[in-house]
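Chemist:
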Amino acid sequence: MRRPRILPYLLVAPTLLFVAAFTLLPLGEVLVGSLFKQKLNIPRFRHPVFAGFGNFVDLFHDPEFLQVLANTGIYVAVLIPLLLVAALGLAFLLEEKRAGVGFFRLAMFHPTVLPMVSAATIWMFFLTPGYGLWNQALRFFGYAGPQNWIGNPSLALFGLILVAFWKNVGFLMLFFLAGLQNLDRSVVEAARLDGAGGLKLVAKVILPLIRRQTVFVTTIAFIGAFQTVDHVFVLTQGGPSGRSSLLLYYLWHMRFERMDVGGSDAVTVIIILALLAFTVTNFLVSEQHEK
Amino acid sequence: MRNRLPSLARFVILALLSALMLAPLAWALAASLRPPSVPFALGNVFFASRLSLDNYATALSLAPFARYYLNTIAQVGAIIGVQLITASLAAFAFARYRFAGDKVLFTVILLQMMIPTAALLVPNFSTIRFLGLYNTIPGIALPFFGSAFATFLLRQSFLALPRDMGDAAAIDGCRWDQELRHIFLPTAKASIVALVLSILSFHWNDFLWPLVITQSDAVRPLTAGLVRFTQMGEIGAQWGLLSAATMIVTLPLFVAFLVFQKQFVRGYLSSGIK
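Just so you know, the sequences run in chain order P and S.
Here the first sequence is numbered in my numbering, starting from 1439 and rising by one per residue.
Here the second sequence is numbered in my numbering, starting from 1137 and rising by one per residue.
As structure tokens, this is what we get:
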């Protein structure tokens, strides 16, 4: 073949250029930047000053940041299991084509299509005390607790979880549906003939068969939980008293409100490490099971 | 798998769950269509005596939603256009040729899939400022012009073509760009549609990046515009007005989804790989 040797490199170059400029270079920038103190609103720190791991030490001594870590931990630990169980349950209920299934699937899935900011404004209204249908519904079931979820320090985070749940459960259901539809039916039928039924059938036979989908759905749910904080902006701005601030929201706050460039680089490094740790663990666990 | 639940019980459960899921959007829609003069009251949560578009008119007069639409369309259009070109070129190279370092380069590009661009907000903000593109539409779009996900997806579909096919075409004197356009791209049509819809819904709905990289209504997209609207002092607790603004921002893409449901769902399924 007399094809010019350089052609493939030219074809790859544009993609590589953008990936380098907006992923690789920034990655290096934050790694280096996190080691320097730089605060744009303090003259002494207007220009970067080397500080070793000073930014990280400061962060882990800052009660506000520790609160953010705790919030993010709770947010992820509550939201993701809820999402997985509900998405799988809905997929079971909606797997078979029957009367109304198309409509029901649409009802579960439609929030996926909305921008998160719209979902949040809709819920802001929905959760409003006095007008909000949410409290009226809860009162119908005998709830007499605090009225204003997003203004209540111990409920605001759960208000955010509620919105994220509503927004994402249908999206994740989609992957379980696809998994269930590709199941090897003969295996399931054989297990059923052997007397497995109900929850046992689900736990022992079906879940192992859709392990790949489960790992996959867990991963996208986790990454999604980290990279979407739009509802925090609309509903709580991290409040009251920092009780609903999440890592990515805090990153924004650090850089654009506190003008702390070095600190925000350190927060970026922490977010990336958390994501990588999760992705790698998840991958290793699933690989181990494949063997 | 046959389900053990009797079908009537299942139907009732599903109907209840669907009603719960649909309630927020339905209620916001109802609230947006109330005449502003009729106050909300307990027990009177749905429609008032008549429907009214007054809230929509007020919302449109308070913020330049038409401009926000154009900005969003320009930004998303630019990302889709450029990403399709860069990704099909790269995917073609990786699927069609063996060249020194191809595996390394592919892995380097795939790194992008492991680190969401949202996390790199701060350094990318500096880069865009440095390039003088702060508060411009190209500034919003630029970081997304190269995509590991798009490259990966297109390469997968290109690999489905038998290798000899490209070789045969080359022997027939076909140039590489003719090969790409007439042989490779047409076979990847389904992937391209899914890809376009997944880029569309991701960037149409994206908020944080456009928020930090814009500061004026002239370039602000719908999502950032809506959030600004909710924070305007004179809006206060005018829920009808807020709901109308939300509907203005939300409904067009939502209707498009209802019409092209199947294609959208395929797009969403493929976007999960990200």
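The beta carbon of each residue, even a glycine, is placed where N, CA and C say it ideally should be.
Owing to the predicted nature of the structure, the values given are computational and were not obtained by experimental measurement.
Could you please give the first and the last residue of the uninterrupted alpha helix (DSSP H) stretch that includes isoleucine 1449 (chain P)?
Modeler: Per the sequence presented here, residue 1449 (chain P) reads as leucine, with isoleucine not at that position. 1445–1457 is the span of the alpha helix (DSSP H), which, as asked, contains leucine 1449 (chain P).
Chemist: Indicate the three-state DSSP secondary structure (helix, strand or coil) for phenylalanine 1365 (chain S) in the structure shown.
Modeler: Residue state, collapsed to three classes: helix.
Chemist: Under a three-way DSSP split, which group does leucine 1178 (chain S) fall into?
Modeler: A caution first: leucine 1178 (chain S) carries a pLDDT of 47, below 50, which makes its placement in the model unreliable, though a value can still be read off. Leucine 1178 (chain S) falls in the coil class under three-state DSSP.
Chemist: In this structure, does DSSP put lysine 1535 (chain P) in helix, strand or coil?
Modeler: Three-state DSSP puts lysine 1535 (chain P) in coil, outside helix and strand.
Chemist: Take methionine 1562 (chain P) as the anchor and find which of P:Val1601, P:Val1450, P:Leu1593 has the nearest alpha-carbon.
Modeler: Answer by Cα proximity: P:Val1601.
Chemist: Residue range of the alpha helix (DSSP H) that asparagine 1620 (chain P) falls in?
Modeler: It is not in any alpha helix (DSSP H) - asparagine 1620 (chain P) carries neither H nor E in the DSSP assignment.
Chemist: Among the candidates S:Val1348, S:Phe1396, S:Gln1219, whose CA atom is the shortest distance from the CA of asparagine 1260 (chain S)?
Modeler: Checking every option, the nearest Cα to that of asparagine 1260 (chain S) belongs to S:Val1348.
Chemist: With 7 Å as the threshold, decide whether the Cβ of serine 1293 (chain S) is near any Cβ in chain P.
Modeler: For serine 1293 (chain S), the answer is no, since every Cβ of chain P falls outside 7 Å of its Cβ.
Chemist: Below 9 Å on C-beta distance, what does glutamine 1665 (chain P) contact in chain C?
Modeler: The structure shown contains no chain C; the protein chains it does contain are P and S.
Chemist: Does methionine 1546 (chain P) come within less than 7 Å of chain S when only Cβ atoms are used?
Modeler: With 7 Å as the cut-off, methionine 1546 (chain P) counts as an interface residue toward chain S.
Chemist: Please report the straight-line C-alpha distance between proline 1357 (chain S) and alanine 1277 (chain S), rounded to a whole angstrom.
Modeler: Taking the straight line joining both Cα atoms gives about 11 Å.
Chemist: Using a Cβ-Cβ cut-off of 7 Å, state whether serine 1556 (chain P) counts as contacting chain S.
Modeler: Yes, serine 1556 (chain P) lies at the interface with chain S (some Cβ there is under 7 Å from its Cβ).
Chemist: Which residues, taken in chain order from the segment 1618–1632 of chain P, show a beta carbon closer than 9 Å to some beta carbon of chain S?
Modeler: Against chain S - using a Cβ distance shorter than 9 Å - the residues of the segment 1618–1632 of chain P are Leu1618, Leu1621, Arg1623, Val1626, Glu1627, Arg1630.
Chemist: Hey, is asparagine 1207 (chain S)'s beta-carbon within less than 7 Å of any beta-carbon in chain P?
Modeler: Closer than 7 Å: no.
Chemist: Would you mind giving the Cβ-Cβ distance between leucine 1612 (chain P) and isoleucine 1648 (chain P), rounded to the nearest angstrom? I have them listed as a contact below 8 Å.
Modeler: Going by Cβ atoms, the distance from leucine 1612 (chain P) to isoleucine 1648 (chain P) rounds to 13 Å, so no, they are not a contact pair.
Chemist: Could you tell me the alpha carbon to alpha carbon distance between proline 1388 (chain S) and asparagine 1606 (chain P), rounded to whole angstroms?
Modeler: Roughly 20 Å separates the two Cα atoms.
Chemist: Is asparagine 1191 (chain S) closer than 7 Å to valine 1355 (chain S) when the C-beta atoms are compared?
Modeler: Their beta carbons are not under 7 Å apart, which means valine 1355 (chain S) does not touch asparagine 1191 (chain S) by this criterion.
Chemist: Can you tell me whether methionine 1137 (chain S) is helix, strand or coil according to DSSP?
Modeler: Only weak support is given to the placement of methionine 1137 (chain S): the predicted model assigns it a pLDDT of 46, under 50, and the value that follows is read from those uncertain coordinates. Methionine 1137 (chain S): coil per DSSP, three-state reduction.
Chemist: Quick check on the DSSP output: the alpha helix (DSSP H) that includes isoleucine 1644 (chain P) runs from which residue to which?
Modeler: Unbroken run through isoleucine 1644 (chain P): none, as it is neither H nor E.
Chemist: What runs of the alpha helix (DSSP H), each 4 residues or longer, lie entirely inside the segment 1487–1558 of chain P?
Modeler: List check, alpha helix (DSSP H) in window: 1492–1499, 1501–1532, 1539–1547.
Chemist: Alpha helix (DSSP H) containing leucine 1152 (chain S): first to last residue?
Modeler: Run containing leucine 1152 (chain S): 1143–1168, per the alpha helix (DSSP H) assignment.
Chemist: Could you tell me which chain P residues have their CB closer than 8 Å to the CB of serine 1173 (chain S), listed as they occur along the chain?
Modeler: By Cβ distance, chain P contributes nothing, its closest Cβ being about 16 Å from serine 1173 (chain S), past 8 Å.
Chemist: For threonine 1719 (chain P), count the other beta carbons within 10 Å of its own beta carbon; 16 or more makes it buried, fewer makes it exposed. Which is it?
Modeler: So threonine 1719 (chain P) ends up on the exposed side.
Chemist: Quick check on arginine 1693 (chain P) - is its C-beta less than 7 Å from some C-beta in chain S?
Modeler: Yes, contact with chain S.
Chemist: At least one CB of chain S closer than 7 Å to the CB of isoleucine 1588 (chain P): is that the case?
Modeler: Not closer than 7 Å to any Cβ of chain S, the Cβ of isoleucine 1588 (chain P) fails to qualify, so no.
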